[in-house]
Structures are given as C-alpha cells and as structure tokens.
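Beneath this line is the structure, given in structure tokens, with notes to follow.
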Amino acid sequence: AANELSFGMHMAAYAERKEQIDYLIHALQEEIDHKANRLLGEIKELKGELKSKQKSDEG
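All residue numbers for the sequence shown refer to the working numbering, where the first residue is 643 and numbers rise by one.
Printed below as a string of structure tokens:
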C-alpha cells in the first residue's frame, strides 16, 4: 500500500512537471514564431527599400 501511495505521488509530480514543461515549450514556440515573423517583415521591408534605391540610382 505504501508503494502504491509513493508511486501515485511520483506520478502526480511527474504529471505536474510535464504540464509546466509543455506550457513553457508552447510559450517559447510562440515567442520564436513572433520573432521570426517580425524578422521576415523586416527583410521584406529592406528588400523593398533596396529595389527602390536601385531604381533611383538607375534613373
């Protein structure tokens, strides 16, 4: 009976840690996605600026 109680406590602690880690992983993935999207937007903006600069230099 004591082993079952100990096992149950370990399983509850494991489930709680797993939930916390899953939450942290999700939060980090959201942050990575946000930064990647922002970087992609900046790259597109810079490409547009370079194209317009090239056109003004040609003209």
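From the three backbone atoms N, C-alpha and C, an ideal C-beta is built for every residue, glycine too.
- Message: Please report the distance separating the alpha-carbon of SER648 from that of ALA654.
- Response: As a first step, residue 648 is located in the sequence shown; it is residue number 6 there, counting from the start. As a first step, residue 654 is located in the sequence shown; it is residue number 12 there, counting from the start. C-alpha of SER648 to C-alpha of ALA654: approximately 10 Å in a straight line.
- Item | Secondary structure of ALA655, DSSP reduced to three states | Counting from 1 along the sequence shown, the entry for residue 655 is found at position 13. Helix.
- Secondary structure of ALA644, DSSP reduced to three states: Within the sequence shown, residue 644 is the residue found at index 2, counting from 1. Helix at ALA644.
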